[in-house]
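Quick note: the sequence shown uses the numbering used here, first residue 781, plus one each step.
What follows is a set of notes on a single structure, which appears directly below.
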Amino acid sequence: MKKRIINLTIGLTGLIASFLPQKAEAAVCAISCGDDWCFAIGTQVECKCVGDEAVCSS
């Protein structure tokens with residue numbers, strides 16, 4: 781019974797959320813390469829190591 785109530789609650793929450801306006805979600809990434817590090821915040825982010833250099837973009 782408890783599992784059924786939880787599943788029903790999850791289903792109703794998803795249904796209600798589908799009617800709400802969609803907002804862009806922010807993403808965050810951080811990376812450390814050797815002694816170098818960086819972070820990025822935005823809607824589309826990328827963090828990678830190029831050699832020993834940290835490269836972040838948003």
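For every residue, glycine included, the Cβ atom is placed at its ideal position computed from N, Cα and C.
Which value, in whole angstroms, describes the spacing of the CA atoms of residue i and residue j?
i: Ala820; j: Ser812; result: 12 Å
i: Gly822; j: Gly831; result: 24 Å
i: Leu788; j: Gly814; result: 48 Å
i: Asp816; j: Glu833; result: 6 Å
i: Val808; j: Cys827; result: 9 Å
Judging by CA-CA distance, which residue of the options is the nearest neighbour of residue i?
i: Val825; options: Ala810, Ser837, Ile790, Arg784; result: Ser837
Using the beta-carbon count (16 or more within 10 Å), is residue i buried or exposed?
i: Cys829; result: exposed
i: Ala810; result: exposed
i: Ala806; result: exposed
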